[in-house]
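Written below as structure tokens is the structure these notes are about.
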Amino acid sequence: MTLVFDGRTDVSDSRIDPALGDRDSDWMAVESADGTPAPDSRSDGTERRHSRWFVAMSAVIGVVAFAAHDRLLSFDSLYGLFGNGVDALVYRHGGGTVLSSEELYSFSLFGTLPFTYPPFAAVLFAPLGLLSETATGLLVNISNVVLLYVVVQLSWRRLGYENCTRTRVVSVALALGCSWLEPVRMSLWLGQINLLLLVLVLWDLGRPEGSRLRGVGVGIAAGLKLTPGLFVVMSIVHRQWRAAWTAAVTGLVTVVIGFVVVSSDAWRYWTSAILASDRVGSTTSPANQSVRGMVARAWGTEHPPAIVWLPAAVVVLAAGMWVSYRAHRAGRTLLAMTVCGLTAPMVSPFSWGHHWVWCVPLLVIGLDACARPRTSVRGRTLRVLGVLAATAPFVAWYRTQADVVVIGTFMQSVSPIVDGGLRNAYCIVYVIVLAVAATGLRKDSTTCYVPATRSSI
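Under this note's numbering, think of the first position of the sequence shown as 1, with each following residue one higher.
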């Protein structure tokens, strides 16, 4: 068998792949401390480092992103990056009901914003009920900024990068750039918990298999919001039985805590409120980026036929889990988790645009592919165009329509010919990402990457 350094070689048995280490790190543009291509961090313990030009470009993007926010819309205005925070107030009020006799699922903040999370979330938010609205907003905003940085940093680390100054600079800069993505911007603007859930899962399942209490983070995240529970299914599909069991038990503990602390509210949630997706929002709204939302808009009804959208969601779920499994088998753990994270809002009955925060790790993976060393100009150009095409639908667009300050792609109106596609922008990106990932994994099923080292050259 002929080995090509930093290249590919045909092998008859794809089972050799896992022995070569984590493929995630082979998608990266990196150099070692002395400037030579760095070896795989999983195979010999050596971690990787971003190239100097990548750090410089990231810093420029971060500065431009920050300045653009301030110039286009000042930070302290209502529509500024942190100008709303209404969901943080919903969490505060929900936590306050735990400390009072008010029913958790009967109130609606401002008459239109009910508490839609499991009882455990309200228990966890109880301390917010002791804070003022201003203090709550400040705490949530600071937390979300830190969490966004942690998401990017964890993504790079999972791809084999060392925890050095370069990685931290790139992570800060990319976090600023990601604030222009609609799922991230809306999470920051509303004071949402999406980034917290992402960090819990990314930290938890990003650890090596067999790590102590691996799965606890997923269980807690599922206790706060149901959609991360799909990672329990992913762990089962990946045959990570201990992580799946730990996550399931942890999730069950959060349910028990809810019944112990707010028993009547917990009973109402698990017997009725959990099924009332109309409490979340209008099913036909373009903001509902899910399979059910697509079907509802196509049928023009708030109650799309279950005989249509449920089988479609099952097919999407099966396809997503299959690609995630293939990525896991190939050693690309971050890709496997990201595919699952994007599948969750697709199959959920209602998914706001800001639920799609797994677009951040997806962007990191894409940047990794673009900057891979020893790539031809044509190959690098195609990858850059691919990342731009996948990222553009997630961008938050400023001042693109009359009387609209900032808007997601799915709310854009260009012409009747393309509006249908725009209304389902995230869903379309998901299908394309799934197809590209599946194709790439299939091509790699009979090849292996062998990183070059100084000694081998």
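Backbone N, C-alpha and C fix where the C-beta goes; we use that ideal spot for every residue, glycine too.
Contact under 7 Å by Cβ, residue i with residue j
{"i": "Val232", "j": "Ala247", "result": "yes"}
{"i": "Ala425", "j": "Thr400", "result": "no"}
{"i": "Asn141", "j": "Phe82", "result": "yes"}
{"i": "Leu113", "j": "Val98", "result": "no"}
{"i": "Leu441", "j": "Ala330", "result": "yes"}
{"i": "Leu190", "j": "Val86", "result": "yes"}
{"i": "Lys48", "j": "Tyr149", "result": "Note on residue identity: the sequence assigns Arg, not Lys, to residue 48. Contact: no."}
{"i": "Met346", "j": "Ser290", "result": "yes"}
{"i": "Arg268", "j": "Tyr105", "result": "yes"}
{"i": "Gly80", "j": "Phe125", "result": "no"}
{"i": "Pro228", "j": "Leu197", "result": "yes"}
{"i": "Gly217", "j": "Trp203", "result": "yes"}
DSSP three-state assignment for residue i, whether helix, strand or coil
{"i": "Ala126", "result": "helix"}
{"i": "Leu109", "result": "strand"}
{"i": "Gly366", "result": "helix"}
{"i": "Ile407", "result": "strand"}
{"i": "Leu230", "result": "helix"}
{"i": "Ala452", "result": "Since pLDDT at Ala452 reaches only 35, below the 50 mark, its modelled position is unreliable, and no value is offered."}
{"i": "His303", "result": "coil"}
{"i": "Ala438", "result": "helix"}
{"i": "Arg207", "result": "coil"}
{"i": "Leu78", "result": "coil"}
{"i": "Lys443", "result": "helix"}
{"i": "Arg332", "result": "coil"}
{"i": "Tyr426", "result": "helix"}
{"i": "Arg239", "result": "coil"}
{"i": "Tyr117", "result": "coil"}
{"i": "Leu159", "result": "coil"}
{"i": "Leu181", "result": "strand"}
{"i": "Pro37", "result": "The pLDDT assigned to Pro37 is 30, lower than 50, so where the model puts this residue is not dependable; a value taken from the coordinates is nonetheless given after this. Here Pro37 sits in coil by DSSP."}
Extent of the continuous alpha helix (DSSP H) to which residue i belongs
{"i": "Ile220", "result": "216-224"}
{"i": "Ala88", "result": "86-98"}
{"i": "Ala313", "result": "306-329"}
{"i": "Val280", "result": "No alpha helix (DSSP H) contains Val280, which DSSP labels as neither H nor E."}
{"i": "Ile61", "result": "52-72"}
{"i": "Cys164", "result": "Element bounds for Cys164: n/a, residue is neither H nor E."}
{"i": "Thr284", "result": "Segment: none, Thr284 is in no alpha helix (DSSP H) and carries neither H nor E."}
{"i": "Val414", "result": "Premise fails: Val414 is in no alpha helix (DSSP H) and is neither H nor E."}
Where the beta strand (DSSP E) containing residue i begins and where it ends
{"i": "Trp397", "result": "396-401"}
Check: residue i C-beta below 6 Å from any heavy atom of the ligand FAD
{"i": "Val253", "result": "For the structure depicted, the ligand FAD is absent and the ligand set is empty, with no information on it obtainable."}
Expected contact under 8 Å - CB spacing of residue i and residue j to nearest Å
{"i": "Leu72", "j": "Tyr398", "result": "5 Å"}
{"i": "Val364", "j": "Ser155", "result": "4 Å"}
{"i": "Arg166", "j": "His50", "result": "5 Å"}
{"i": "Arg214", "j": "Arg242", "result": "7 Å"}
Residue-chain proximity (residue i, chain B), Cβ-Cβ < 7 Å
{"i": "Thr381", "result": "Structure shown: chain B not included; a single protein chain is present."}
ask   = Should the segment 423-440 be called in touch with the segment 373-393, which here means at least 3 C-beta pairs below 8 Å?
value = yes
inquiry  = For the pair the segment 330-349 and the segment 434-444, tell me if three or more CB-CB distances fall below 8 Å.
reply    = yes
The segment 374-385 / the segment 251-260 touching (three or more Cβ pairs under 8 Å) = no
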